[in-house]
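Right, one structure below, let's go through it.
Protein chains: 2
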Amino acid sequence: MKVIVAEDQGMLRGALSALLDLEDDIEVVGQAENGKQALALIQELVPDLCVMDIEMPEMSGLDVAEKLKEQRHSCRVVILTTFSRSGYFQRAMKAGVRGFLLKDSPIDELGAALRTVHAGGRAVSPELAMTFWETENPLTEREQEVLKLAAAGLTAGDIAKQLFLSAGTVRNYLSEAIQKLEAKNRIDAIGIAEKNGWLS
Amino acid sequence: MKVIVAEDQGMLRGALSALLDLEDDIEVVGQAENGKQALALIQELVPDLCVMDIEMPEMSGLDVAEKLKEQRHSCRVVILTTFSRSGYFQRAMKAGVRGFLLKDSPIDELGAALRTVHAGGRAVSPELAMTFWETENPLTEREQEVLKLAAAGLTAGDIAKQLFLSAGTVRNYLSEAIQKLEAKNRIDAIGIAEKNGWLS
DNA sequence: CCTTTCACATGACATATGTCATATGAAAAG
DNA sequence: CTTTTCATATGACATATGTCATGTGAAAGG
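Spelled out as structure tokens, the structure:
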């Protein structure tokens, strides 16, 4: 089967590609270091499978997966990521992703997952099963938006200007976020939200 | 040469070990997923080299390198890390580390680096050279300490209690940190300090 | 020995932040 | 057609945060 490896960290990308290519039934036909490159390569080379990281520059692995689904492209996607966040997982499933592995898994699982997916099956890291039970994002869009800007170091006033709101409104959203997350202050709230992957 | 691979991320650890083991002149005699394990394995197996991540649970790769230097252990260390921070690099040099590679480097560099170091040389990613010029940490110990606690989401009052200071003193340290880092507020300061690796 | 420097420490004051009561409009439930 | 619910939006108020003037003691340089 023809495979493309998309992963921004050079060492891991190279190592995985080399290792997969050693397998008799796997041929690594291309490597990409960001989402855009991956999409272009997939359209050009039409591989059977693509091993894809989520957090990459230019375009995330999930963006690529969604584009492929939109185009009804035959290439099947196996996500390989550090984070077991319910948001990622659910979005991946919606995008028709066939495999979802954690970078913490042993290396053997990757080859096995590729074969399973190529044969028409699905492959999901056992740790991910738990993810279903994870609490979902309690923040409204506005609250997320405001908290994200606060996380970037902006003051309430700055945020208000950027979103065309009054400063009081911004503080209120932050206050709501703080209460929903049972945080002590906005810094605490930012930490909690980031840990759960609730900021975008 | 006998090599140990210490890296907490399972996939990368497995892939690197497998690939290195394929080389005729390299034998991977052990793998560790944290610093403590790495140290124990090195003392038990006495390898020629150890490929080591910095950010690992239990004990960082730099901690291990320092312990080895202290014991005048013959095992030479090659650091493999995501971050090109001057603090890391300088600490590594002090600990007598012989190689310092970024995880963004191509995979071939690792094998090459191992051979160079085994032959008595040094191997440093070219990106790291710049690191020398990086600005050093402008924060005093107290300021770092306070900023770190603030980053964890504590209020000034909490921090004061924990460090047996008055709340005003804590706010003053934070204010100094904010000014030194030319930040807008403590959140901004935390971001800047973290980006530069200035929070220990 | 005296000055300079600098990390450390504090409180007074102005500003920013967090909370609460309140209001509107849109969508869902009755 | 109501009623309920909920995201959105605001301002008044109390609290937390950021700044500044000031002071101490220890180390470095004259």
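Chains A and B are the protein sequences, given in the same order. So in my numbering, spot 119 of the first sequence is number 125, and the numbers just go up one at a time. So in my numbering, spot 169 of the second sequence is number 175, and the numbers just go up one at a time. Yeah, the Cβ is synthetic: ideal placement off N, Cα and C, and Gly gets one too.
Same chain only: Cβ atoms within 6 angstroms of residue i, ignoring 5 sequence neighbours per side
{"i": "R104 (chain A)", "result": "R82, V123 and R128"}
{"i": "A157 (chain A)", "result": "I196"}
{"i": "N143 (chain A)", "result": "W204"}
{"i": "A162 (chain B)", "result": "A173, V176 and R177"}
{"i": "R192 (chain A)", "result": "A156 and L180"}
Test item: CB-CB of residue i and residue j under 9 angstroms
{"i": "E115 (chain A)", "j": "T87 (chain A)", "result": "no"}
{"i": "D59 (chain B)", "j": "K8 (chain B)", "result": "no"}
{"i": "A10 (chain A)", "j": "L120 (chain A)", "result": "Contrary to the premise, residue 10 (chain A) reads as Ile rather than Ala in this sequence. Cβ distance not < 9 angstroms, so I10 (chain A) and L120 (chain A) don't count as in contact."}
{"i": "A12 (chain A)", "j": "G93 (chain A)", "result": "no"}
{"i": "D159 (chain A)", "j": "D194 (chain B)", "result": "A small correction: the amino acid at residue 159 (chain A) is Gly; Asp does not occupy that position in the sequence shown. In this structure, D194 (chain B) lies closer than 9 angstroms to G159 (chain A) by Cβ."}
{"i": "A44 (chain A)", "j": "K75 (chain A)", "result": "no"}
{"i": "V1 (chain A)", "j": "S80 (chain A)", "result": "Nothing about residue 1 (chain A) can be read from this structure; chain A reaches only from 7 to 206."}
{"i": "A244 (chain A)", "j": "A125 (chain A)", "result": "As displayed, chain A neither begins before 7 nor continues past 206, which places residue 244 (chain A) out of reach and without an answer."}
Residues of its chain near residue i, where Cβ-Cβ distance is below 7 angstroms and the 5 sequence neighbours each way are ignored
{"i": "S131 (chain B)", "result": "F106, L107, L108 and S111"}
{"i": "E133 (chain B)", "result": "S90 and L108"}
{"i": "L47 (chain A)", "result": "I10, G36 and A38"}
{"i": "P214 (chain A)", "result": "As shown, chain A starts at 7 and ends at 206. That puts residue 214 (chain A) outside it, with no answer to give."}
{"i": "Q96 (chain A)", "result": "none"}
{"i": "L187 (chain A)", "result": "A195, I198 and A199"}
{"i": "E29 (chain B)", "result": "G117"}
DSSP-derived helix/strand/coil call for residue i
{"i": "K190 (chain B)", "result": "coil"}
{"i": "M7 (chain A)", "result": "coil"}
{"i": "Q15 (chain B)", "result": "coil"}
{"i": "E64 (chain A)", "result": "coil"}
{"i": "E200 (chain A)", "result": "helix"}
{"i": "L205 (chain B)", "result": "coil"}
{"i": "E50 (chain B)", "result": "helix"}
Cβ separation of residue i and residue j, assumed to be a contact under 8 angstroms, to the nearest whole Å
{"i": "A183 (chain B)", "j": "E149 (chain B)", "result": "5 angstroms"}
{"i": "M65 (chain B)", "j": "G41 (chain B)", "result": "3 angstroms"}
{"i": "L145 (chain B)", "j": "A199 (chain B)", "result": "7 angstroms"}
{"i": "L25 (chain A)", "j": "A21 (chain B)", "result": "5 angstroms"}
Contact set for residue i: own chain, Cβ-Cβ below 8 angstroms, skip 5 residues either direction
{"i": "G152 (chain A)", "result": "For the sequence presented, residue 152 (chain A) should be read as Val rather than Gly. Here the set comprises I165, L169, V176, Y179, L180 and A183."}
{"i": "D27 (chain B)", "result": "E33 and V34"}
{"i": "S172 (chain A)", "result": "A166"}
Along the chain, which unbroken stretches of the alpha helix (DSSP H) at least 4 residues long are found entirely within the segment 124–188 of chain B? Segments of the alpha helix (DSSP H) lying fully in the segment 124–188 of chain B: 132–137, 147–157, 162–169 and 173–186.
Unbroken beta strand (DSSP E) runs of length 3 or more, entirely within the segment 68–135 of chain B: which are they? Along the segment 68–135 of chain B, the beta strand (DSSP E) occurs as fully enclosed runs of 3 or more residues at 82–87 and 105–108, listed in sequence order.
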